[in-house]
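Written below as structure tokens is the structure these notes are about.
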Amino acid sequence: MRTTERRGLAIATTLTLLLTLTACGSDDGPGSGEPVPGVTDTEIVVGTHMPLTGPASAGYSKIAPATKAYFDYVNANGGVHGRKITYKVMDDGYNPATTQQVVRQLVLQDKVFAVLNGLGTPTHTGVLDFLHTNRVPDLFVASGSRNWDQPDRYPNTFGFNPDYTVEGKILANHVKTTLPGRKVCFLGQDDDFGQDALAGVEKVLGTDGVVARETYVTSNTNVAPQIGAFKAAGCEVVILATVPGFTALSVGTAARLGFRPQWVVSNVGADHPTLARQLGDAAGLLEGMVGLNYLPMQGDTDNPWIQLFTKVNNEHNGGAEFDGNAVYGMAVGYLFVQVLLAAGKDLTRESLVEAVRKGGYQGPGVAPLRFSATDHSGYGGGRLSRVSGGKQTYFGPTYETDEADGPVNEYTAPPVSPPANGVPNA
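For the sequence shown, the residue numbers in mature numbering (1 follows the signal peptide of the UniProt record, and there is no 0) are -25 to -1, 1 to 401.
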């Protein structure tokens, strides 16, 4: 980080501390005698920032409504220890400056109990210090950045997605074992998302194993220069660390340039229904695309989690189009309810964070959750998917690995089924 950026963060942190002391009073820990922000005998108020509009809204705008739908389902079934969950969703347009504004409103004005599933690496990074200074639980960030896994620096922040280096290693392992000798190129977002994913790819393929590297910024939708560079380099496989809009732009631009590589795509931008909507009549270009996921596939109607989430979607989400973003949002909601139950009836911010640290949670994911006192990352792996005949399905085993130099191993633990009523057990 540049010196000027560190100074800026220091100034912002100092101002935040002053705001905290004047606006928020003392901590809400056990024995403090202070009311717990966002918690009454009948309600728990949590908030989030999401790109309901802007360059990342395609697909992602569906996540928070799906999470809220699951909370409404739980509320209809008695709530959590008798309390109903209220979910305040703020649109930040995937703009870091707006994120800071809306998160401050959630904390200082709306007095939310916790921030849940705030989306985006560039957006959420800018509010980490503010949330830490205000001692707000910052749970299940919707990004695979390794920034969320810093227990010493940010003890109240936890991830959800597999971190991008883990994901990059798994995708690269697939390329190495099934497409040996092919020329591999990489396109990533120009931030920690792209950088961490590339680090994972290079841990498996080596720096010489990637013949061309390009980046994009979400403010510029012209990716023809990057795709043209890949074509000129003779790339046969392109690994994408892209949000959905830029996955679609990359695939569509490549077709226009007469370039047809094998696409291997991060879970961030690989949801087939989302991409197919964006490409319209050109959705057939997605045929053969390989992706990675760690939650049940939305089209697997035999999966009991998909059956539950479809029911919730129909009853509490207005029957919205059911895709991977809806599955994701409801999976986040399920995990949050698990943690609320584990935190106990005498709910405090401290008890909530401690409940996450204890770990041991199982839910819809095909890979393990890694929460502990020393690991604040989320899912530790994933499974590969492929688009065939216009449908996206899993193939092969689930894999897990670390963000360091450990091997990519098969994960063999069997999946669990949801409770009969669809609400976690206390």
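Virtual Cβ for every residue (Gly too), placed ideally from N, Cα, C.
>> Assuming Gly22 is part of the beta strand (DSSP E), what are its boundary residues?
In response: Start at 1 with the first residue of the sequence shown, and residue 22 comes out as number 47. Gly22 -> beta strand (DSSP E) spans 18 to 25.
> What's the C-alpha gap between Val21 and Gly163?
Replying inline: Residue mapping note: residue 21 aligns to position 46 of the sequence shown, counting from 1. Residue mapping note: residue 163 aligns to position 188 of the sequence shown, counting from 1. About 32 Å.
>> Can you check which of these residues, Trp123, Tyr269, Gln201, Pro382, is closest to Pro343 by C-alpha distance?
In response: As a first step, residue 343 must be located in the sequence shown, where it is residue number 368. The option with the nearest alpha carbon to Pro343 is Tyr269.
>> What would DSSP say about Val391, mapped onto helix, strand or coil?
In response: Looking up residue 391 in the sequence shown gives position 416. Of the three classes helix, strand and coil, the one that applies to Val391 here is coil, per DSSP.
>> Taking its Cβ as the centre, do 16 or more other Cβ atoms sit within 10 Å of Ser241, making it buried, or is it exposed?
In response: Along the sequence shown, read from residue 1 onward, the residue named residue 241 stands at position 266. That one is buried.
>> Pop quiz: Val87 and Gly134 are said to be a contact at Cβ under 8 Å. What is the actual Cβ separation, rounded to whole angstroms?
In response: As a first step, residue 87 is located in the sequence shown; it is residue number 112 there, counting from the start. As a first step, residue 134 is located in the sequence shown; it is residue number 159 there, counting from the start. In fact, because the Cβ distance is near 19 Å, the residues do not count as touching under 8 Å.
> Fully enclosed by the region 207 to 278, which alpha helix (DSSP H) runs are 4 residues long or longer?
Replying inline: Taking 4 residues as the shortest admissible run, the region 207 to 278 contains the following complete alpha helix (DSSP H) segments, listed from N- to C-terminal end: 219 to 231, 247 to 254.
> How many angstroms separate the CA atom of Val239 from the CA atom of Glu18?
Replying inline: Numbered from 1 along the sequence shown, position 264 holds the residue referred to as residue 239. Numbered from 1 along the sequence shown, position 43 holds the residue referred to as residue 18. For the pair Val239 and Glu18, the Cα-to-Cα distance works out to about 44 Å.
> Where does residue 403 fall in DSSP's three states?
Replying inline: Given that the chain is displayed from residue -25 to residue 401, the structure contains no residue 403 and the question cannot be resolved.
>> So, with DSSP's three-state summary, where would you put Tyr191?
In response: Looking up residue 191 in the sequence shown gives position 216. Strand at Tyr191.
> CA-CA distance, Gly263 and Leu359?
Replying inline: Indexing the sequence shown from 1 puts residue 263 at position 288. Indexing the sequence shown from 1 puts residue 359 at position 384. Each residue's alpha carbon lies about 12 Å from the other.
>> By alpha-carbon positions, which one of Asp165, Arg128, Asp183 ends up nearest to Pro195?
In response: Position 220 of the sequence shown, counted from the first residue, corresponds to residue 195. According to the sequence as given, residue 195 is Asn; it is not Pro. The shortest Cα separation from Asn195 among Asp165, Arg128, Asp183 belongs to Asp165.
> Between Ala31 and the rest of its own chain, which residues show a CB-CB distance below 6 Å, the 5 nearest in sequence each way excluded?
Replying inline: Sequence index remark: in the sequence shown, residue 31 carries index 56 (1-based). Once the five neighbours on either side are set aside, the close Cβ partners of Ala31 are Tyr69, Val218.
> Does the region 209 to 216 come close enough to the region 146 to 157 that 3 or more CB-CB pairs lie under 8 Å?
Replying inline: yes
> Quick one: Cα of Val312 to Cα of Pro389, how far?
Replying inline: As a first step, residue 312 must be located in the sequence shown, where it is residue number 337. As a first step, residue 389 must be located in the sequence shown, where it is residue number 414. So the two alpha carbons sit approximately 22 Å from each other.
>> Report the CB separation of Ala51 from Gly304 in whole angstroms; it is logged as a contact under 8 Å.
In response: Start at 1 with the first residue of the sequence shown, and residue 51 comes out as number 76. Start at 1 with the first residue of the sequence shown, and residue 304 comes out as number 329. 17 Å between Cβ atoms; not a contact.
> On the three-state DSSP scale, how would you describe Arg345?
Replying inline: Against the sequence shown, residue 345 aligns to sequence position 370. Here Arg345 carries a coil assignment [DSSP, helix/strand/coil].
> So is residue 403 buried or exposed if we call it buried at 16+ other beta carbons inside 10 Å?
Replying inline: Any answer about residue 403 is impossible in this case: the structure gives the chain only from -25 up to 401.
> To which residues of the same chain is Ala223 closer than 6 Å at the C-beta, ignoring the five residues directly before and after it?
Replying inline: Along the sequence shown, one-based indexing puts residue 223 at 248. Once the five neighbours on either side are set aside, the close Cβ partners of Ala223 are Leu250, Gln253, Leu254.
> Are the Cβ atoms of Pro236 and Ser392 separated by less than 8 Å?
Replying inline: Taking the sequence shown and counting its residues from 1, the one referred to as residue 236 is at position 261. Taking the sequence shown and counting its residues from 1, the one referred to as residue 392 is at position 417. Pairing Pro236 with Ser392 gives a Cβ-Cβ distance that is not under 8 Å.
> Can you list the beta strand (DSSP E) stretches of 3 or more residues lying completely in the region 73 to 124, in chain order?
Replying inline: 89 to 91, 113 to 116
>> Quick check on the burial criterion: 16 or more other C-beta atoms within 10 angstroms. Buried or exposed for Lys320?
In response: Residue mapping note: residue 320 aligns to position 345 of the sequence shown, counting from 1. Exposed: under 16 other Cβ atoms inside 10 Å.
>> Between the alpha carbons of Pro399 and Phe284, how many angstroms are there, rounded?
In response: Working through the sequence shown from its first residue, we reach residue 399 at position 424. Working through the sequence shown from its first residue, we reach residue 284 at position 309. Their Cα atoms are separated by approximately 14 Å.
>> Cutting at 6 Å between CB atoms, please list the residues of its own chain near Leu315, excluding the five before and the five after it.
In response: For the purposes of this step, residue 315 is taken as residue 340 along the sequence shown, with counting starting at 1. Counting only Cβ-Cβ distances below 6 Å, and skipping sequence neighbours, we find Val55.
> DSSP on Phe133, reduced to helix/strand/coil?
Replying inline: Counting from 1 along the sequence shown, the entry for residue 133 is found at position 158. Reduced to three states, the DSSP call for Phe133 is strand.
>> Measuring straight from C-alpha to C-alpha, what distance separates Gln337 and Arg345?
In response: Translated into the one-based positions of the sequence shown, residue 337 becomes position 362. Translated into the one-based positions of the sequence shown, residue 345 becomes position 370. Computed Cα separation, rounded: 10 Å.
> For the candidate residues Tyr386, Ala395, Pro382, whose alpha-carbon lies nearest to that of Val176?
Replying inline: Within the sequence shown, numbered from 1, the residue matching residue 176 stands at position 201. The option with the nearest alpha carbon to Val176 is Pro382.
>> On the DSSP letters alone, give me the boundaries of the beta strand (DSSP E) that Leu359 sits inside.
In response: Within the sequence shown, residue 359 is the residue found at index 384, counting from 1. First-last of the beta strand (DSSP E) with Leu359: 356 to 363.
> DSSP beta-bridge partners for Leu162?
Replying inline: Indexing the sequence shown from 1 puts residue 162 at position 187. Partner(s): Glu189, Leu215.
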